[in-house]
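**Student:** Just passing along the structure, written as structure tokens.
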Amino acid sequence: MRKITLTTLIILVVMSVFVTGVMAQEQGGTLVFGRGGDTVGLDPIQVTDGESFKVTQQIYDTLVDYTPGTTEVEPALATDWEVSEDGLTWTFNLREGVEFHDGNPFNAEAVKWNFDRWRLEDHPYHIGGEFTYYGYMFQGFPGIIQEVNVVDDLTVEFVLSEKQAPFLNNLAMVPFGIASPEAVKEHGEDYFKNPVGTGAYTLEEWRQGDRVILKANENYWRERAYLDEIVFRSIPDNSARFMELQSGTIDMMDGVSPEDVEAVESADELKLSLRPSMNVGYFAMNFNFEPFDDVRVRRAFNHAIDKQAIIDAFYAGLAEPAKNPMPPSIWGYNDDIEPYEYNPEKAKELLAEAGYEDGFEFDLWYLPVPRPYIPQGKFIGQAIQSYLSEIGVTANLVTYDWSTYLDKTEHQEAPTYMLGWTGDNGDPDNFLYVLLDKTNSNNAYESEELHEVLVEAQKTMDQETRVELYMEAQEIIHKDAPWVPLVHSTPPIALKSNVENYVPNPTGTEKLHRVWLAE
Amino acid sequence: MAGSNENRVMKKNTNPWLEAWRRLLQSKIGIAGLVIIIFLILVALLAPVLAPYDPIKTNIIARYKAPSSEHLLGTDGLGRDILSRIIYGSRISLQVGLFSVALALLFGVGFGLLAGYYGGKLDMVIMRFMDIMLAFPSILLAIGIVAILGPQLKNAMIAIGIINVPRFARIVRSSVLSIKESEYISAARALGAGDLRIIFKHLLPNAMAPLIVQTTLSIATAILEAAALSFLGLGAQPPSPEWGAMLSDARSSLQKAPWVATFPGLAIIFGVLGFNLLGDGLRDALDPKMKNV
Numbered sequence: 001m002r003k004i005t006l007t008t009l010i011i012l013v014v015m016s017v018f019v020t021g022v023m024a025q026e027q028g029g030t031l032v033f034g035r036g037g038d039t040v041g042l043d044p045i046q047v048t049d050g051e052s053f054k055v056t057q058q059i060y061d062t063l064v065d066y067t068p069g070t071t072e073v074e075p076a077l078a079t080d081w082e083v084s085e086d087g088l089t090w091t092f093n094l095r096e097g098v099e100f101h102d103g104n105p106f107n108a109e110a111v112k113w114n115f116d117r118w119r120l121e122d123h124p125y126h127i128g129g130e131f132t133y134y135g136y137m138f139q140g141f142p143g144i145i146q147e148v149n150v151v152d153d154l155t156v157e158f159v160l161s162e163k164q165a166p167f168l169n170n171l172a173m174v175p176f177g178i179a180s181p182e183a184v185k186e187h188g189e190d191y192f193k194n195p196v197g198t199g200a201y202t203l204e205e206w207r208q209g210d211r212v213i214l215k216a217n218e219n220y221w222r223e224r225a226y227l228d229e230i231v232f233r234s235i236p237d238n239s240a241r242f243m244e245l246q247s248g249t250i251d252m253m254d255g256v257s258p259e260d261v262e263a264v265e266s267a268d269e270l271k272l273s274l275r276p277s278m279n280v281g282y283f284a285m286n287f288n289f290e291p292f293d294d295v296r297v298r299r300a301f302n303h304a305i306d307k308q309a310i311i312d313a314f315y316a317g318l319a320e321p322a323k324n325p326m327p328p329s330i331w332g333y334n335d336d337i338e339p340y341e342y343n344p345e346k347a348k349e350l351l352a353e354a355g356y357e358d359g360f361e362f363d364l365w366y367l368p369v370p371r372p373y374i375p376q377g378k379f380i381g382q383a384i385q386s387y388l389s390e391i392g393v394t395a396n397l398v399t400y401d402w403s404t405y406l407d408k409t410e411h412q413e414a415p416t417y418m419l420g421w422t423g424d425n426g427d428p429d430n431f432l433y434v435l436l437d438k439t440n441s442n443n444a445y446e447s448e449e450l451h452e453v454l455v456e457a458q459k460t461m462d463q464e465t466r467v468e469l470y471m472e473a474q475e476i477i478h479k480d481a482p483w484v485p486l487v488h489s490t491p492p493i494a495l496k497s498n499v500e501n502y503v504p505n506p507t508g509t510e511k512l513h514r515v516w517l518a519e
Numbered sequence: 001m002a003g004s005n006e007n008r009v010m011k012k013n014t015n016p017w018l019e020a021w022r023r024l025l026q027s028k029i030g031i032a033g034l035v036i037i038i039f040l041i042l043v044a045l046l047a048p049v050l051a052p053y054d055p056i057k058t059n060i061i062a063r064y065k066a067p068s069s070e071h072l073l074g075t076d077g078l079g080r081d082i083l084s085r086i087i088y089g090s091r092i093s094l095q096v097g098l099f100s101v102a103l104a105l106l107f108g109v110g111f112g113l114l115a116g117y118y119g120g121k122l123d124m125v126i127m128r129f130m131d132i133m134l135a136f137p138s139i140l141l142a143i144g145i146v147a148i149l150g151p152q153l154k155n156a157m158i159a160i161g162i163i164n165v166p167r168f169a170r171i172v173r174s175s176v177l178s179i180k181e182s183e184y185i186s187a188a189r190a191l192g193a194g195d196l197r198i199i200f201k202h203l204l205p206n207a208m209a210p211l212i213v214q215t216t217l218s219i220a221t222a223i224l225e226a227a228a229l230s231f232l233g234l235g236a237q238p239p240s241p242e243w244g245a246m247l248s249d250a251r252s253s254l255q256k257a258p259w260v261a262t263f264p265g266l267a268i269i270f271g272v273l274g275f276n277l278l279g280d281g282l283r284d285a286l287d288p289k290m291k292n293v
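Those sequence lines, one after another, are chains A and B. Residue numbers 1 to 519, in the UniProt record's numbering, belong to the letters of the first sequence in order. Residue numbers 1 to 293, in the UniProt record's numbering, belong to the letters of the second sequence in order.
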């Protein structure tokens with residue numbers, strides 16, 4: 001049954017796109033986008049959260065971009081590029097006649113200035129944050145980008161210290177949007193409130209905690225955006241947001257509660273759009289806390305949780321059970337892995353083997369906010385708690401407000417915690433290395449074996465070899481069981497039926513300049 | 001020996017407390033409150049016997065079942081029986097009400113007596129501090145305190161206790177002030193009674209009537225405040241069947257399964273109403289102007 005509804009849904013979505021193509025687009029209007037949280041900052045390199053990227057994506061452009069709805073790379077600010085034989089030198093030809101919102105020209109100087117700001121810790125404008133995503137993707141500061149050279153006004157050259165297979169995919173990521181150097185110099189630490197890019201929209205006003213208002217950029221280098229104005233409103237409560245959509249005060253929303261999916265499908269004035277699944281929701285166990293340093297305990301937990309039941313109950317069926325840390329939509333997914341099946345008896349045996357036949361007590365941190373990969377953290381936390389109690393283990397539920405939660409988990413303070421990840425660039429590296437490499441893991445999982453494989457995969461340019469390496473990495477992770485991978489969800493987005501041409505990206509955020517409103 | 005003589009003299013007159021009790025039983029409001037509270041206490045005490053299901057155990061196949069003969073009040077988002085959760089929740093609510101008000105009473109009375117009896121700078125310092133606390137909306141102050149202590153039911157109780165201290169302090173202080181200069185206090189002092197004796201033997205009993213009323217009414221607000229804190233995720237933590245927390249969990253299903261929010265909401269109203277009615281009844285019963293009416 002559920003499969004059939006999903007297929008019908010996808011067909012509907014595809015059809016709506018087709019119908020849109022036939023109808024005439026209309027210029028103008030304001031789109032109000034309801035979402036769960038406010039933007040943290042508008043300097044894309046300084047933020048890591050989707051609510052910030054949702055907005056910066058409209059204000060900035062990257063050198064290359066993803067074709068809407070996919071993670072294929074296509075030209076954006078760079079029109080074309082080439083890579084040297086040894087894979088170490090990348091040369092980009094830049095688009096001519098592009099201007100930042102402040103009127104300054106976009107050129108090779110500006111690109112170099114941005115990259116230098118991000119990668120050089122002694123750069124005068126390496127301020128205002130930790131440049132987290134640069135560190136993630138290019139391995140620290142200055143990382144593997146050794147030099148950025150201005151060849152001529154519209155040609156820029158990157159010299160890498162080692163090969164990085166997903167280099168191009170990485171450059172298309174939202175955090176690497178090119179900012180106006182003059183604006184960064186002018187505002188310094190406060191630049192995150194005064195963003196200036198080349199994108200389809202400019203910042204009109206940001207009322208913190210409430211809304212971000214964007215106005216169409218009349219000088220956009222692509223075709224001008226259809227919408228005159230986009231308002232991103234923060235409405236933290238899922239059901240309150242949904243009621244606003246029903247009453248028509250917002251035009252679209254993400255974070256649709258699974259409870260409301262049915263209501264969207266049955267309402268004439270609403271429609272549902274499904275974001276292609278490229279995420280993972282997981283339950284991690286911290287190796288620094290006993291007894292989670294014992295692989296038998298971690299495997300026992302993997303056997304104790306019934307993922308399909310969780311999906312049926314809390315995702316309206318819009319998810320699939322996870323057996324690997326990365327979703328099957330990404331190449332290199334290892335489908336040969338035999339998942340730890342739901343088997344409480346086996347879990348008990350494993351616990352007994354590890355010497356915990358009488359169980360133990362620990363803190364389980366549950367997500368305080370709805371995320372696309374775990375829409376109902378409190379419920380799912382309690383469901384996990386109850387599954388674990390069946391194998392004799394007592395979990396105490398704990399949570400903090402969202403930013404504290406993230407901060408504390410990053411500092412490995414949580415014994416066990418729920419978290420998730422939405423892929424940025426469609427590369428396995430963006431899941432496996434970013435989440436589980438010993439340099440990045442939040443749960444003190446520090447496998448040398450895995451590290452070697454992942455680093456080798458980064459340096460290999462040959463696609464087949466990379467696939468093999470990532471297959472191997474997933475086997476190592478499966479064997480070590482640092483997580484209970486829970487689900488890969490297909491996050492639903494609800495729109496008023498007159499919102500046309502909205503194409504959700506698997507990366508979790510998308511440009512809205514092609515969206516238009518029908519009468 | 002003097003004490004027992006006094007008692008004998010007292011007994012000849014009508015005992016004012018007995019009188020008040022009689023008047024309370026005559027007031028319909030007071031009786032209604034009393035009945036509700038006794039009912040709540042019985043439910044709380046007999047929870048394991050009364051509850052048809054385990055209030056914690058989840059059954060995610062039976063989510064959002066509408067009220068039926070199997071589940072009288074339906075099930076919540078984790079398939080737990082709402083009736084059983086409300087029954088167990090009464091334990092938490094009563095516990096919160098009693099504990100936090102006891103805490104407020106202890107400190108409020110202490111500060112009030114000190115301020116009222118000794119007056120001067122001490123009065124000034126204590127009462128200005130109380131004023132500062134009253135200047136904050138009480139729930140905001142409670143949120144602040146819980147934020148510092150950490151979100152737990154225990155801390156919520158402490159926070160609610162703290163925010164209620166000023167009200168008690170004011171009541172006690174004002175009744176102390178009004179009788180401190182009475183002749184019988186001067187007489188007691190002239191007879192060589194110490195501060196402590198005067199405070200506990202003469203001043204405090206005079207403040208008893210308003211204190212009892214305030215205590216009862218405060219339990220009602222404490223239950224409400226605890227529910228509010230839990231609703232905000234700052235009080236009882238899951239899977240505890242606290243009424244406010246149940247209400248909070250029900251938000252996502254307000255349209256799909258309204259009963260999940262309705263019944264805990266009614267339970268809160270019911271509990272608060274009980275203590276409020278009793279408080280009103282007590283106020284009338286203890287009013288000295290009503291004597292022998």
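Beta carbons: idealized from backbone N, C-alpha and C, even for Gly.
Are the C-beta of A:K378 and some C-beta of chain B separated by less than 8 angstroms?
**Tutor:** Locating residue 378 of chain A in the first sequence gives position 378, counting from the first residue. A:K378 counts as touching chain B.
**Student:** When you compare the CB of B:Q214 with every CB in chain A, is at least one pair closer than 8 angstroms?
**Tutor:** For the purposes of this step, residue 214 of chain B is taken as the residue at position 214 of the second sequence. By this cut-off, B:Q214 is not an interface position.
**Student:** Name the chain B residues whose beta carbon is nearer than 8 angstroms to that of A:Q382?
**Tutor:** Walking along the first sequence from the start, residue 382 of chain A turns up at place 382. Residues of chain B passing the Cβ test: T58, L78, P238, P239.
**Student:** Please confirm whether A:Q146 and A:Q458 have their CB atoms less than 8 angstroms apart.
**Tutor:** The sequence position of residue 146 of chain A within the first sequence is 146, counting from 1. The sequence position of residue 458 of chain A within the first sequence is 458, counting from 1. No, the pair does not count as a contact, with Cβ atoms beyond the cut-off.
**Student:** Confirm, please, whether the CB-CB distance from A:A172 to A:V64 is below 8 angstroms.
**Tutor:** Mapped onto the first sequence, residue 64 of chain A falls at position 64. Mapped onto the first sequence, residue 172 of chain A falls at position 172. Yes; because the gap between Cβ atoms is below 8 angstroms, this pair is in contact.
**Student:** Can you check whether the C-beta of B:D280 is within less than 8 angstroms of a C-beta belonging to chain A?
**Tutor:** Indexing the second sequence from 1 puts residue 280 of chain B at position 280. It does not; no Cβ of chain A falls within 8 angstroms.
**Student:** Can the beta-carbon of B:G97 be found closer than 8 angstroms to that of B:L278?
**Tutor:** Against the second sequence, residue 97 of chain B aligns to sequence position 97. Against the second sequence, residue 278 of chain B aligns to sequence position 278. It is not a contact, given that the beta carbons lie outside the stated cut-off.
**Student:** Taking only three categories from DSSP, how would you classify A:R207?
**Tutor:** For the purposes of this step, residue 207 of chain A is identified with residue 207 of the first sequence, where counting begins at 1. Three-state result, A:R207: strand.
**Student:** Counting pairs of beta carbons, one from the stretch 242–259 of chain B and one from the stretch 220–232 of chain B, are three or more of them closer than 8 angstroms?
**Tutor:** Output reads yes: the stretch 220–232 of chain B touches the stretch 242–259 of chain B.
**Student:** Among A:L120, A:E162, A:E320, which one has its Cα closest to the Cα of A:S84?
**Tutor:** If you number the first sequence from 1, residue 84 of chain A lands on position 84. Measuring from the Cα of A:S84, the nearest candidate turns out to be A:E162.
**Student:** Roughly how many whole angstroms lie between the Cα atoms of A:I45 and A:V148?
**Tutor:** Against the first sequence, residue 45 of chain A aligns to sequence position 45. Against the first sequence, residue 148 of chain A aligns to sequence position 148. About 17 angstroms.
**Student:** How many angstroms separate the CA atom of B:G274 from the CA atom of B:S218?
**Tutor:** Here residue 274 of chain B refers to the residue found at position 274 when the second sequence is read from its first residue. Here residue 218 of chain B refers to the residue found at position 218 when the second sequence is read from its first residue. Their backbone Cα atoms lie some 12 angstroms apart in a straight line.
**Student:** Measuring straight from C-alpha to C-alpha, what distance separates A:E500 and A:N169?
**Tutor:** As a working mapping, residue 500 of chain A is identified with position 500 in the first sequence. As a working mapping, residue 169 of chain A is identified with position 169 in the first sequence. Each residue's Cα considered, the two are about 28 angstroms apart.
**Student:** So which of A:T249, A:Q376, A:T394 has the shortest CA-CA distance to A:F232?
**Tutor:** The count along the first sequence starts at 1 and reaches residue 232 of chain A at position 232. It is A:T249.
**Student:** Taking C-alpha atoms, which residue in B:A209, B:Y184, B:I158, B:I143 lies nearest to B:S174?
**Tutor:** If you number the second sequence from 1, residue 174 of chain B lands on position 174. Of the candidates B:A209, B:Y184, B:I158, B:I143, the one whose C-alpha sits nearest the C-alpha of B:S174 is B:A209.
**Student:** Tell me, please, whether the CB atom of A:N238 is closer than 8 angstroms to any CB atom in chain B?
**Tutor:** As a first step, residue 238 of chain A must be located in the first sequence, where it is residue number 238. It does: the Cβ of A:N238 has a partner Cβ on chain B nearer than 8 angstroms.
**Student:** Could you check the C-alpha separation between B:N15 and B:P55 for me, to the nearest Å?
**Tutor:** Taking the second sequence and counting its residues from 1, the one referred to as residue 15 of chain B is at position 15. Taking the second sequence and counting its residues from 1, the one referred to as residue 55 of chain B is at position 55. Rounded to whole angstroms, B:N15 to B:P55 spans 46 angstroms at the Cα level.
**Student:** In chain B, which residues lie less than 9 angstroms from A:Q458 when you measure between Cβ atoms?
**Tutor:** Here the question's residue 458 of chain A lines up with position 458 in the first sequence. Within 9 angstroms Cβ-Cβ: nothing; A:Q458 doesn't reach chain B, min ~40 angstroms.
**Student:** Which two residues bound the contiguous alpha helix (DSSP H) that contains A:P181?
**Tutor:** Numbered from 1 along the first sequence, position 181 holds the residue referred to as residue 181 of chain A. Element bounds for A:P181: 181–187.
**Student:** Report the residue from A:I230, A:N334, A:G377 whose alpha carbon sits nearest the alpha carbon of A:V467.
**Tutor:** Counted from its first residue, the first sequence places residue 467 of chain A at position 467. Checked all of A:I230, A:N334, A:G377; the closest Cα to A:V467 is A:N334.
**Student:** Kindly list the residues whose CB is nearer than 6 angstroms to the CB of B:H71, restricted to its own chain and excluding five residues on each side of it in sequence; keep chain order.
**Tutor:** Along the second sequence, read from residue 1 onward, the residue named residue 71 of chain B stands at position 71. These residues qualify, in order along the chain: K65, D81.
**Student:** In whole angstroms, give me the CA-to-CA distance for A:G41 and B:V172.
**Tutor:** As a working mapping, residue 41 of chain A is identified with position 41 in the first sequence. As a working mapping, residue 172 of chain B is identified with position 172 in the second sequence. Each residue's Cα considered, the two are about 52 angstroms apart.
**Student:** Spell out whether any CB of chain B is found under 8 angstroms from the CB atom of A:R2.
**Tutor:** As a position in the first sequence, residue 2 of chain A is number 2, starting the count at 1. The predicted model places A:R2 with a pLDDT of 49, which falls under 50 and marks its position as unreliable; any figure quoted below should be read in that light. Judged by the 8 angstroms Cβ criterion, A:R2 is not in contact with chain B.
**Student:** 8 angstroms is my cut-off, CB to CB: does B:D123 come that close to chain A?
**Tutor:** Locating residue 123 of chain B in the second sequence gives position 123, where the first residue counts as 1. No, B:D123 lies away from the interface with chain A (no Cβ there is under 8 angstroms from its Cβ).
**Student:** Would you list, in chain order, the members of the stretch 248–276 of chain A that have their beta-carbon closer than 8 angstroms to a beta-carbon of chain B?
**Tutor:** Hits within the stretch, in order: S257, E259, D260, E262, A263.
**Student:** Starting from A:F176, trace the beta strand (DSSP E) both ways and give me its first and last residue.
**Tutor:** For the purposes of this step, residue 176 of chain A is taken as residue 176 along the first sequence, with counting starting at 1. From DSSP, A:F176 is part of no beta strand (DSSP E); its letter is neither H nor E.
**Student:** Chain B beta carbons: is any one of them nearer than 8 angstroms to that of A:I234?
**Tutor:** The sequence position of residue 234 of chain A within the first sequence is 234, counting from 1. According to the sequence provided, residue 234 of chain A is Ser. The question's Ile does not apply to it. Answer no: the Cβ-Cβ gap between A:S234 and chain B never drops below 8 angstroms.
**Student:** In chain order, what residues of the same chain have a beta carbon less than 8 angstroms from the beta carbon of A:G135, not counting five sequence neighbours either side?
**Tutor:** In the first sequence, counting from the first residue as 1, residue 135 of chain A sits at position 135. F141, G143, listed in sequence order.
**Student:** Please list the residues of the stretch 94–123 of chain B that have a C-beta atom closer than 8 angstroms to any C-beta atom in chain A, keeping them in chain order.
**Tutor:** So nothing in the stretch comes that close.
**Student:** If you reduce the DSSP assignment to three classes, tell me which class A:A216 lands in.
**Tutor:** As a first step, residue 216 of chain A must be located in the first sequence, where it is residue number 216. Strand.
**Student:** DSSP three-state label for B:I139, please.
**Tutor:** For the purposes of this step, residue 139 of chain B is taken as the residue at position 139 of the second sequence. Looking at B:I139 - three-state DSSP - the assignment turns out to be helix.
**Student:** Judging by CA-CA distance, which residue of A:T394, A:P415, A:V455, A:W118 is the nearest neighbour of A:F131?
**Tutor:** Taking the first sequence and counting its residues from 1, the one referred to as residue 131 of chain A is at position 131. Considering only alpha carbons, the answer is A:W118.
**Student:** Report yes if the C-beta distance between A:L495 and A:L203 is below 8 angstroms; otherwise report no.
**Tutor:** Here residue 495 of chain A refers to the residue found at position 495 when the first sequence is read from its first residue. Here residue 203 of chain A refers to the residue found at position 203 when the first sequence is read from its first residue. For A:L495 and A:L203, no; Cβs fall outside 8 angstroms.
**Student:** Taking Cβ-Cβ distances below 8 angstroms as the criterion, which residues of the stretch 155–171 of chain A are in contact with chain B?
**Tutor:** Per Cβ criterion, the list is empty.
**Student:** Can you tell me whether A:G508 is helix, strand or coil according to DSSP?
**Tutor:** By one-based count along the first sequence, residue 508 of chain A stands at place 508. The answer is coil: DSSP assigns A:G508 none of H, G, I, E or B.
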